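For the record, the sequence lines run as chains Y and Z.
Each residue of the first sequence is one higher than the last, beginning at 464 in this note's numbering.
Each residue of the second sequence is one higher than the last, beginning at -14 in this note's numbering.
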Amino acid sequence: DAGITQSPRHKVTETGTPVTLRCHQTENHRYMYWYRQDPGHGLRLIHYSYGVKDTDKGEVSDGYSVSRSKTEDFLLTLESATSSQTSVYFCAISESFLSSYNSPLHFGNGTRLTVT
Amino acid sequence: QKEVEQDPGPLSVPEGAIVSLNCTYSNSAFQYFMWYRQYSRKGPELLMYTYSSGNKEDGRFTAQVDKSSKYISLFIRDSQPSDSATYLCAMNNHRAGGFKTIFGAGTRLFVKA
Chain Y
464 DAGITQSPRH
474 KVTETGTPVT
484 LRCHQTENHR
494 YMYWYRQDPG
504 HGLRLIHYSY
514 GVKDTDKGEV
524 SDGYSVSRSK
534 TEDFLLTLES
544 ATSSQTSVYF
554 CAISESFLSS
564 YNSPLHFGNG
574 TRLTVT
Chain Z
-14 QKEVEQDPGP
-4 LSVPEGAIVS
6 LNCTYSNSAF
16 QYFMWYRQYS
26 RKGPELLMYT
36 YSSGNKEDGR
46 FTAQVDKSSK
56 YISLFIRDSQ
66 PSDSATYLCA
76 MNNHRAGGFK
86 TIFGAGTRLF
96 VKA
C-alpha cells in the first residue's frame, strides 16, 4: 500500500464537533492530497500539499482545513462537522508534480467518517 | 455537466467474458488518461495509463483512447472473479499537474465464477 497509513479507519461523530484525520507516509513523497469519495461523485480533491507548510485548496475545500508540519504527516480537520461531510476520505501521495504513469497517485485505504 | 462521465453499473458478467468499461469527457485539454482499480474497503490503485490517443495493452487489459470522440475504454479479456472491483477512469492535463486529475464516479464490476 505504498507506505500510507490513515487513522482512524472508522469514525462516528456528532454534528458540530471538530474532527481530525491523519495521513502518514513513509515514502518521503513531496506531494500529498486529501480526497473524499461519495456515490455518484467519484473522488473529489479537498486540499493538497506540495511541501512542508505549503498547502492549497481543491475543488471541495469549504469546511475543511489542513496542515503539514512534517513531510510524512498531512492532517485534515473538519472544524465543525456537518452531516454533508459523511464520506470516505482518502489520502494520496505522489512523487512529482505530474500525476501520470511515472508518478501515479498512491492512495491509502481510507477513513470512513459518519456525522450524525 | 460533469467533466468526466462514467456509468456506475453495476456490471455483472460470467467468468471468461470480455468486459468493456467506458468514460466520456468534455475537456479537450486532457492528455493523460488512467484507469484505477479499487477493491472493496481499499484505496484505488493505478491499473493502466495512456498518453493522448491510441491503445495500450498489458496482459488481459487494454486501454483505448479516442480523443476525437472524447471517449476512453478499458477492456478486460478472460475476466476472472478476482477482477471484481470498482474501476475509476481518471484524466488530467499534463501541464496542470497531479492535483488537476479528474476522476469518474467509477463502475462496479462483478465477475461470477
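Glycine residues also receive a C-beta, built at the ideal position from the N, C-alpha and C atoms.
Because the structure is a prediction, the values reported are computed rather than measured.
- Residue Y:I556 holds the alpha-carbon nearest to the alpha-carbon of L508 of chain Y among Y:T579, Y:S566, Y:I556, Y:T577.
- At a cut-off of 9 angstroms between beta-carbon atoms, K27 of chain Z makes contact with chain Y.
- If only complete runs of 4 or more residues are kept, the region 52 to 91 of chain Z shows no alpha helix (DSSP H) anywhere.
- Pairing L31 of chain Z with T92 of chain Z gives a Cβ-Cβ distance that is not under 9 angstroms.
- V578 of chain Y: member of the beta strand (DSSP E) spanning 574 to 578, first to last residue.
- Taking 3 residues as the shortest admissible run, the region 493 to 544 of chain Y contains the following complete beta strand (DSSP E) segments, listed from N- to C-terminal end: 494 to 501, 505 to 514, 517 to 520, 527 to 533, 536 to 541.
- A straight line joining the alpha-carbon of D43 of chain Z with that of I3 of chain Z spans about 15 angstroms.
- As a beta-bridge residue in DSSP terms, G39 of chain Z pairs with Z:V50.
- Judged by DSSP secondary structure, R485 of chain Y falls within the beta strand (DSSP E) whose first and last residues are 482 to 488.
- Out of Y:Q548, Y:S543, Y:K533, Y:P502, the CA that lies nearest to the CA of N491 of chain Y is found in Y:K533.
- About 6 angstroms separates the beta carbons of E542 of chain Y and P481 of chain Y, which is inside the 8 angstroms limit, making them a contact pair.
- Between T545 of chain Y and T468 of chain Y, the gap from beta carbon to beta carbon reaches 9 angstroms or more.
- One Cα belongs to T483 of chain Y, the other to R472 of chain Y, and the distance between them is close to 12 angstroms.
- At a C-beta separation below 7 angstroms, G91 of chain Z has these neighbours in chain Y: G505.
- With the criterion set as a beta carbon lying under 8 angstroms from some beta carbon of chain Y, the members of the region 28 to 42 of chain Z are G28, P29, E30, L31, Y34, Y36, in sequence order.
- Contact annotation: R499 of chain Y and S550 of chain Y have beta-carbon atoms nearer than 9 angstroms.
- The C-beta of R531 of chain Y has 16 or more other C-beta atoms within 10 Å across all chains shown, which makes the residue buried.
- Here V578 of chain Y is buried: its Cβ has 16 or more other Cβ atoms, across all protein chains shown, within 10 Å.
- Taking 9 angstroms as the threshold, the shortest C-beta distance from G571 of chain Y to chain Z falls below it.
- Distance from the CA atom of V50 of chain Z to the CA atom of Y56 of chain Z, rounded to whole angstroms, is 6 angstroms.
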